[in-house]
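Just so we're aligned: the sequence shown equals residues -28 to -1, 1 to 299 in mature numbering (1 follows the signal peptide of the UniProt record, and there is no 0). Heads up, the thing below is written out as structure tokens.
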Amino acid sequence: MPHARPGRRTVLAAAAATAAALVRPALAQPAWPAGRPIEIIVPFAPGGGMDAMARAIAPFLAARFPGARVIVSNRPGAGGQVGTEAMANAAPDGFTLGACATPTVLSQPIERTVRWRPAELTWLAQVVEDPCGLFVRTDSPLRDLPGLLGAARKQPGDVSYGTAGIGGDDHIAALLLEERAGVRLNHVPFNGTSQLLVPLLGGQLDIGAFNLGEALPLLRDRVIRGLALAAPERDATAPEIPTYRESGVDLAFSAGRGLFGPPKLPEPIRTALEGALAAIFADPAWAEAAARAGLILHPLVGSAYRAAALGGEAALRALWDRRPWKE
């Protein structure tokens, strides 16, 4: 049975109705970031410096986007690799960000196969630059860095130190210390700084290698002492701790902590986030909150952060060639 062919007006009307149906769901979507919470993935266990930074800045970031919610989730594992991969492979829609630690995000792709390329990530802003340090229980026989190096020379490989993971800033700093002082220590990696504190305070670890910002509460409570800081000069928050250079080792090394996003984050979202973070950094209330959280601030936004972070990659590759740190 033959069918009548529809007229031109009928075809055009049907096409218009179809187009409207396709467009309507897109128009109904709320503008970013409304409708869903923004997640900041911390690739380490709760309680460390990365976690403190993310939780301190999350409410300030939410306040810059009316109606938005910002949540922090911890995904520790493989020295930060698990959480970083989760962020790097998330949809680039602005709803999944990550807490970033340099040099870890640069060193891990050198030592192992990972699912991200540092140059392709969206570097939003550095928040903290926290010097690496060496800390012991208050009753430890180790009194200073020269004493530690002397013990390491007498007992090569026996003096133990714990870090937040292989290839992290504290591990890299310790490798550089070993190289420059001509000693060998016994590295014990954990999944975050908070995980090494129990064995350190319990006497199973000789030394904790972590950052000053992480150490401040324990220093104030006088449960640990600082042997030395890998900082250019003594820090006003802990002026009693000498620098490595004062102690005879020419070394300065720190952790950079900030926020980044997946590759190909859309420019409007990236620009909005960078603008919000720059405004936060200029807010006196943020400076007060950061001080309460023990954050050692060194803000860098956008391209400045990217340049500073990626600028250390060549030195890490050179260290890997001299002393591969995979364990």
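Note that beta-carbon positions come from the ideal geometry of N, C-alpha and C, so glycine has one too.
Under 7 Å Cβ to Cβ from residue i, same chain only, skipping five residues before and after it: list those, please.
{"i": "His270", "result": "Gln98, Val100, Glu101"}
{"i": "Val44", "result": "Ile12, Val14, Ala26, Arg27, Ala30"}
{"i": "Ala187", "result": "Gly105, Phe107, Ile196, Gly198"}
{"i": "Ala(-1)", "result": "Unreliable positioning characterises Ala(-1) in this predicted model, as indicated by a pLDDT of 37, which lies under 50. The coordinate reading is nonetheless provided below. Contacts found: none."}
{"i": "Ala153", "result": "Leu121, Val221"}
Cutting at 8 Å between CB atoms, please list the residues of its own chain near residue i, excluding the five before and the five after it.
{"i": "Thr215", "result": "Ala200, Leu201, Ala202, Ala203, Pro204, Glu205, Arg206, Ala224"}
{"i": "Ala286", "result": "none"}
{"i": "Arg47", "result": "Ile13, Val14, Pro15, Val54, Gly55, Ala58"}
By DSSP's criteria, residue i is part of a beta bridge. Which residues make up the other side?
{"i": "Trp292", "result": "DSSP output for Trp292 lists no bridge partner at all."}
{"i": "Gly55", "result": "Looking at the DSSP assignment, Gly55 forms no beta bridge with any residue, so it has no partner."}
{"i": "Val14", "result": "Asn46"}
{"i": "Ala97", "result": "Leu231, Val273"}
{"i": "Thr215", "result": "Leu201"}
Give the range of the beta strand (DSSP E) segment to which residue i is assigned.
{"i": "Gly198", "result": "196 to 201"}
{"i": "Leu69", "result": "68 to 74"}
Please list, in chain order, all residues of the same chain as residue i whose beta carbon is under 6 Å from its beta carbon, the five residues on each side excluded.
{"i": "Gly175", "result": "none"}
{"i": "Trp292", "result": "Ile82"}
{"i": "Val160", "result": "Ser132, Gly134"}
{"i": "Trp88", "result": "Ala60"}
{"i": "Ala265", "result": "Ala24, Ala28"}
Between which two residues does the alpha helix (DSSP H) containing residue i stretch?
{"i": "Pro189", "result": "184 to 192"}
{"i": "Ala34", "result": "21 to 35"}
>> With three or more C-beta pairs closer than 8 Å as the rule, is the segment 125 to 144 touching the segment 62 to 70?
In response: no
>> With three or more C-beta pairs closer than 8 Å as the rule, is the segment 168 to 179 touching the segment 105 to 118?
In response: yes
> Touch check for the segment 114 to 126 and the segment 88 to 97: three-plus C-beta pairs under 8 Å?
Replying inline: no
> Taking only runs of the beta strand (DSSP E) that begin and end inside the segment 220 to 289, which ones reach a length of at least 3 residues, in chain order?
Replying inline: 226 to 233, 269 to 273
> Three or more C-beta pairs closer than 8 Å, one from the segment 72 to 87 and one from the segment 282 to 297: is that the case here?
Replying inline: yes
> Unbroken alpha helix (DSSP H) runs of length 4 or more, entirely within the segment 99 to 181: which are they?
Replying inline: 117 to 126, 141 to 153, 165 to 174
>> Check whether the segment 245 to 253 and the segment 272 to 281 touch, using three or more Cβ-Cβ pairs below 8 Å as the test.
In response: yes
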